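Quick note: the sequence shown uses the numbering used here, first residue 146, plus one each step.
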Amino acid sequence: MRRLYVPPAPGLHWGLLPLPCVPLHAPEHRKTDPLPCLGVPRLARVPDAQPRRPLRPIALPPQIPGVTSVALHPALASPRTRLSADVDFASIRVPTPDPERTASAWHQPATYPALPSLAIISPHLPWAITAHGQAAGVTVADVLHAIWEALRLCVDQAQFEDDWELHGGMLVMYRCGMTRLDLLGGKTRFAGLGESTMGCDVWVLDLA
């Protein structure tokens with residue numbers, strides 16, 4: 146430690162006062178800190194390897210007060226839907242009723258009592274599909290048209306990379322122009338809707 150001579154006051158002897166030692170260089174552990182200390186705590190970095198979860202509808206109150214359960218139309222119910230042989234979502238045409246089998250059911254309510262909308266989820270897709278109805282509620286045709294339109298939407302590369310691990314555990318390679326149909330593993334035929342644990346207005350899509 147360096148010492149500085151200070152003239153003594155009258156009646157006092159000369160003495161030595163210690164001079165504080167100021168380091169000329171920052172400690173080694175601070176040299177690697179890329180940000181100066183500004184008195185503001187920095188947020189901890191979130192690991193990039195955090196598992197992502199598929200998007201799912203948020204549980205909401207019943208759409209119709211007092212209604213907590215509904216009955217699904219037999220034409221849509223899994224596993225005995227009567228539409229399985231008639232509806233292939235890979236077709237370039239919008240699903241239409243079979244005049245001999247399902248024409249009468251096509252415009253009937255999808256549920257009883259009828260609901261203003263239905264959410265449809267799939268283990269192969271990280272996005273929910275929503276079917277909206279008219280004043281009388283969602284019909285069988287509304288459900289099938291909503292699924293058909295949603296599956297034909299394109300998937301861009303950024304969206305695909307964000308959700309690649311959510312495609313039902315399948316290994317899927319991105320290619321330009323791919324649609325949500327390409328994430329279904331070749332299963333594009335309607336096999337009905339199954340119950341979910343998220344309420345009477347959320348259903349699980351079955352495909353064959």
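Positions of the beta carbon are idealized from the N, C-alpha and C atoms, including for glycine. Note that this is a predicted model, so its numbers are computed, not measured.
One question on the structure: do residue i and residue j come within less than 9 Å of each other, judged by their Cβ atoms?
i: Trp272; j: Ala295; result: yes
i: Ala220; j: Ala250; result: yes
i: Val215; j: His252; result: no
i: Val347; j: Pro268; result: no
i: Thr256; j: Cys345; result: yes
Which residue comes first and which comes last in the alpha helix (DSSP H) that contains residue i?
i: Val402; result: In this structure the chain extends from 146 to 353, so residue 402 is not present and cannot be described.
At what residues does the beta strand (DSSP E) containing residue i begin and finish?
i: Ile265; result: 262-266
i: Thr275; result: 274-277
i: Gly337; result: 335-340
i: Asp346; result: Per DSSP, Asp346 belongs to no beta strand (DSSP E) and is neither H nor E.
So, at 8 Å on beta carbons, what are the nonlocal neighbours of residue i in its own chain, with the 5 sequence-adjacent residues on each side left out?
i: Leu289; result: Leu228, Val232, Pro240, Phe335
i: Ser341; result: Ile266, Val347, Trp348, Val349
i: His218; result: Ala250, Gln253, Pro254, Ala255, Thr256, Tyr257, Val285
i: Ala281; result: Pro254, Ala259
Take the Cβ of residue i as the centre, count every other Cβ of all protein chains shown within 10 Å, and call the residue buried at 16 or more, exposed below.
i: Arg325; result: buried
i: Pro254; result: buried
i: Gly337; result: buried
i: Val283; result: buried
Considering only C-alpha positions, which residue in the set the options is nearest to residue i?
i: Ala354; options: Ile265, Cys321, Tyr319, His277; result: Limits of the chain in this structure are 146 at one end and 353 at the other, which puts residue 354 out of reach.
i: Ile274; options: Ala281, Gly282, Ala280, Asp287; result: Asp287
i: Leu270; options: Cys299, Thr213, Pro261; result: Cys299
i: Ile265; options: Gln279, Val212, Ala281, Trp293; result: Trp293
i: Val212; options: Pro261, Ala280, Gly331; result: Pro261
i: Ile237; options: Gly339, Gln302, Arg297; result: Arg297
Could you pull out every residue in the same chain whose Cβ sits closer than 7 Å to the Cβ of residue i, ignoring the five residues on either side in sequence?
i: Thr333; result: Asp233, Phe234, Ala235, Leu326, Leu352
i: Leu329; result: His269, Leu352
i: Gly339; result: Ser223, Trp348, Val349, Asp351
Is there a Cβ of chain B sitting closer than 9 Å to that of residue i, yes or no?
i: Leu217; result: No chain B appears in this structure, which consists of one protein chain only.
What residues in its chain sit with their C-beta under 6 Å from that of residue i, if we drop five residues either side in the sequence?
i: Gln279; result: none
i: Leu209; result: The displayed chain sequence assigns Ile, not Leu, to residue 209. Nothing meets the Cβ criterion.
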